[in-house]
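Notes for the one structure printed next.
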Amino acid sequence: MSNDQSNAVSKLLTIDFAKFLESIPPGKLVEVPDLGILDNRAAYLEENTKLNKCDIRIYCDHESCNGIRFFRRIEKGNEYLKTEDHSFLYISYQCSNCRYTTRTYSLALKYRRRRKY
């Protein structure tokens, strides 16, 4: 990585994954420190880091809600992240109140494992 690229990465907005999903518009590049969770049960896999499964608070427009509500992730198996490479995922959330409204996010992610010294 060149110095210019390294400086650009260090100047990125740092935000947690839930806040990213709740508030960052499409096409914006940010750093998300809690993006992945190491799956020790899958240590034999090259990609053994799972995408964080956080709840989010966003607006639900269903007639029984009409306000900010918790949305929970709709399970579709474990999404493993490729280390130092791009992962392209669709993740969906459902309103916990009405259980009718869903939101789907299309994500392009590049996971960098943080080194511990």
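With this note's numbering applied, the sequence shown has no gaps in its numbers, which climb one by one up to 312 at the end. Just so it is clear, CB atoms sit at the ideal spot from N, CA and C, and this is done for glycine as well.
Task: Residue interval of the beta strand (DSSP E) (run including Ser301) - done: For Ser301, the enclosing beta strand (DSSP E) begins and ends at Thr297 to Lys305.
Open item on the list: Buried or exposed for Ile251, going by 16 or more other Cβ atoms inside 10 Å?
Closed with: It counts as buried.
TODO: Select from Arg307, Ile253, Lys305 and Arg264 the residue whose C-alpha is nearest the C-alpha of Glu217.
DONE: Taking only the C-alpha atoms, the option nearest Glu217 is Ile253.
Task: Sequence-distant residues of its chain with Cβ nearer than 6 angstroms to Ile286 (five each side left out) - done: The residues Tyr300, in chain order, have a CB closer than 6 angstroms to that of Ile286 in the same chain once the five nearest residues on each side in sequence are set aside.
TODO: Note down, in chain order, each residue of its chain lying with its Cβ closer than 6 angstroms to the Cβ of Cys249, except the 5 sequence neighbours on either side.
DONE: Only Phe212 and Ala213 meet the Cβ criterion.
Task: N-terminal and C-terminal residue of the beta strand (DSSP E) that Leu216 is part of - done: Counting along the chain, Leu216 falls outside any beta strand (DSSP E), though it belongs to the alpha helix (DSSP H) covering Phe212 to Ser218.
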